[in-house]
DNA sequence: TTTGGATATGCTCAAAGAGAGCATAATTAG
DNA sequence: CTAATTATGCTCTCTTTGAGCATATCCAAA
């Protein structure tokens, strides 16, 4: 019981954080996600992708997780009688590796409405206005569309929910507000990407934002030693939100995720901060513990 | 950049709950998960699988979610020059559909150590004893193995964590305690399945147990109208744990997930229970709200 | 040297949430 | 009518979370 033979490819969402900015590795000057060949010699998809990424970035991938497998008919249908299966992965790369090199683009370039660290982005007003008129355009589904837009963009009293990145992109796509949807140039929200790559990126962002809350994966994006503020800024960059500083420390420390190295860092111009390192043993023990974050809504 | 042509199949983990027992649809008298053909005519993998399941079970699938894509070399390597890609899905079927019919097997038949509703299962003593001797067998990784076994099976002070179903199965596999690992017959823990199907089932169980805690998917397993106790028993069946009754109601009601139908049910021999129905509008609004459960450790 | 600015870090307090149990209500079986 | 059984309402305590005050330690400029 098979679907016969199909064309298959791997697509990677590789994330690094440098200078408080989350970045994704791209090709074609930021227009596409890297997709790589899978050598038949590898034992698993993971190991094959891992090696391939290491070649490309010249640095190891810390964390690698399968995102989603697409096999829709409207994807790359140029192979007659066949279908393309795209298996996408999310990978985390240490910040020092993926630094300002070409090929790494800040992900808010593609999703300007997702960054709430400086407060609610101004774009959101324009977005909501357009979503409203899109909702009104269909009298039958009007109410449903309004509720959906309000919820997804946090106007229903629940407030902004950073985890809904994918739902927001999908809504904008449906409403024809992103250029991948084949809409008029006028409604260009954020930078577009080749084919459905921006959707895959949104999937990766949403997955990562959800994951950092209950699994200690952020440390894959950090250098060996770091200050707590550095850790906080990294998480804030990913979530697109700011956190309460003191509560953040309390949470991190009471979970015993980190330990002091003994050293300090005085780069930032204030009182020197203690350096910490991740306690790698917790990965063995509590790979699934439950890491929560004190995200504060502005 | 493709991996060339590959052989592809779909594998489904279809779950229903009947008589307080979680069941999975199987073929070959419970020895394998159903894998189905994917008609090229369908637009997406989802829609293809959905139709196929409807044919097989004669009932619609409520919720369908992609689980994982496997393409390991040691899977079905009989196609020269090619590789089999298996895309697995988790589907939820209404309880009245998947009833006691042949083909549906209680999932604790395969994972007897996962059901803690009547307290800690006795098998766990045997399991831990064997895991300990497995750990001691390798002096180099001894400590690591002990920590891992203790954490995964809840002996490290953290208590039993129902979400770790997959990790537990993988640990047992590594330790050679399940017969799929090619171990001696002596160490038969739970009923085995064809190839890696039991591993896929474990993946589905773990995913579902995690999901019911933050997404209202349980209702896909329920009839239109139900009592709160029935809902509780269904969740308990999935989680393999019991819950505090009053706190369960409080949580369900304060989240406004359900509404009274007005009717009552007096089947169970006590005070008649009010009937409730799921508020389908919350699916639109808060598809991602945050449903928590008051799981109580015995 | 002093002062202001900046960040680090410790501590408190109130509000919300979670875990556990008592009490009462409404049925059925005998 | 009584006992058993399940439903449902309410309380109480302990923990967690959100927010802010206060102090410590550095740098740089006056």
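Protein chains in written order, with the numbering used here: chain R, 5 to 302; chain D, 5 to 302.
We put the beta carbon where it would ideally sit given N, CA and C, even for glycine.
Item to check | Residues that residue 89 of chain D contacts on chain R, provided the C-beta gap is smaller than 7 Å | outcome: 12, 89
Next on the checklist: Whole angstroms are fine: how far does the CA of residue 267 of chain R sit from the CA of residue 29 of chain R?
Outcome noted: 32 Å
Checklist entry - From this set, D:243, D:250, D:170, which residue's C-alpha is nearest residue 213 of chain D's C-alpha? => result D:243
Next on the checklist: Using the three-state DSSP reduction, which class does residue 275 of chain R fall into: helix, strand or coil?
Outcome noted: coil
Item to check | Distance, residue 64 of chain R Cα to residue 20 of chain R Cα | outcome: 12 Å
Item to check | Same chain, Cβ closer than 8 Å to residue 301 of chain R, neighbours up to 5 away in sequence not counted | outcome: For residue 301 of chain R, the predicted structure reports a pLDDT of 47, less than 50, and the residue's modelled location is therefore unreliable. A value from the coordinates is still provided. For residue 301 of chain R, where only same-chain residues beyond five positions count, the Cβ hits under 8 Å are 163, 164, 245.
Next on the checklist: On the DSSP letters alone, give me the boundaries of the alpha helix (DSSP H) that residue 184 of chain D sits inside.
Outcome noted: No alpha helix (DSSP H) holds residue 184 of chain D; DSSP gives it neither H nor E.
Item to check | Identity of the residue in D:240, D:200, D:181, D:94 nearest residue 217 of chain D by Cα | outcome: D:240
Item to check | Contacting residues, own chain, Cβ-Cβ under 6 Å from residue 138 of chain D (five flanking each side not counted) | outcome: 179
Item to check | Contact with chain R by residue 179 of chain D, beta-carbon distance below 9 Å | outcome: no
Checklist entry - If we cut at 9 Å on Cβ distances, does residue 243 of chain D have a partner in chain R? => result no
Next on the checklist: At the level of alpha carbons, what is the spacing between residue 83 of chain R and residue 51 of chain D?
Outcome noted: Since pLDDT at residue 83 of chain R reaches only 49, below the 50 mark, its modelled position is unreliable, and no value is offered.
Checklist entry - If we call anything under 9 Å between Cβ atoms a contact, is residue 182 of chain D one with residue 93 of chain D? => result no
Item to check | Distance between residue 107 of chain R and residue 274 of chain R (C-alpha atoms, nearest Å) | outcome: 34 Å
Checklist entry - What are the start and end residues of each continuous alpha helix (DSSP H) run of 4 or more residues lying completely inside the region 137 to 171 of chain R, in chain order? => result 146 to 156
Checklist entry - Relative to chain R, which residues along the region 47 to 71 of chain D have a C-beta separation below 7 Å, given in chain order? => result 47, 48, 49, 70
Item to check | Residues near residue 154 of chain R by beta carbon distance below 7 Å, same chain, minus five either side | outcome: 160
Checklist entry - Is it buried or exposed for residue 220 of chain D, if we count other Cβ within 10 angstroms and need 16 for buried? => result buried
Item to check | Own chain partners of residue 36 of chain R with C-beta closer than 7 Å, once the 5 adjacent residues on each side are dropped | outcome: 30, 197, 198, 201
Checklist entry - DSSP on residue 90 of chain R, reduced to helix/strand/coil? => result strand
Checklist entry - Which word fits residue 70 of chain D, buried or exposed, when buried means at least 16 other C-beta atoms lie within 10 angstroms of its C-beta? => result buried
Checklist entry - Under a Cβ-count criterion, where at least 16 other Cβ atoms within 10 Å of its own Cβ denotes burial, should residue 73 of chain R be classed as buried or exposed? => result buried
Item to check | Cβ separation of residue 95 of chain R and residue 25 of chain R, assumed to be a contact under 8 Å, to the nearest whole Å | outcome: Not quite, the Cβ-Cβ distance comes to about 18 Å (not below 8 Å), so this is no contact.
Next on the checklist: Between which two residues does the alpha helix (DSSP H) holding residue 232 of chain D run?
Outcome noted: 232 to 243
Item to check | Proximity to residue 278 of chain R [Cα-Cα], best of R:260, R:229, R:259, R:97 | outcome: R:229
Next on the checklist: At the level of alpha carbons, what is the spacing between residue 75 of chain D and residue 121 of chain R?
Outcome noted: 40 Å
Next on the checklist: For residue 253 of chain R, report the span of its beta strand (DSSP E) as first-last.
Outcome noted: Segment 249 to 258 is the alpha helix (DSSP H) holding residue 253 of chain R; no beta strand (DSSP E) there.
Item to check | residue 282 of chain R - DSSP class collapsed to helix/strand/coil | outcome: strand
Item to check | Span of the beta strand (DSSP E), counted from its first residue to its last, around residue 63 of chain R | outcome: Where residue 63 of chain R is concerned, there is no enclosing beta strand (DSSP E), given that its DSSP letter is neither H nor E.
Checklist entry - Buried or exposed: which applies to residue 47 of chain R, given that a residue is buried once 16 or more other Cβ atoms fall within 10 Å of its Cβ? => result exposed
Next on the checklist: Give me the chain D residues within the contact set of residue 73 of chain R, using Cβ-Cβ distance strictly less than 9 Å, ordered along the chain.
Outcome noted: 49, 70, 72, 73, 89, 91
Next on the checklist: For a quick check, are the C-beta atoms of residue 34 of chain R and residue 195 of chain R less than 9 Å apart?
Outcome noted: yes
Checklist entry - Tell me, which residues are paired with residue 31 of chain D by DSSP? => result D:36
Checklist entry - Roughly how many angstroms separate the alpha carbons of residue 62 of chain R and residue 280 of chain R, rounded to a whole number? => result 26 Å
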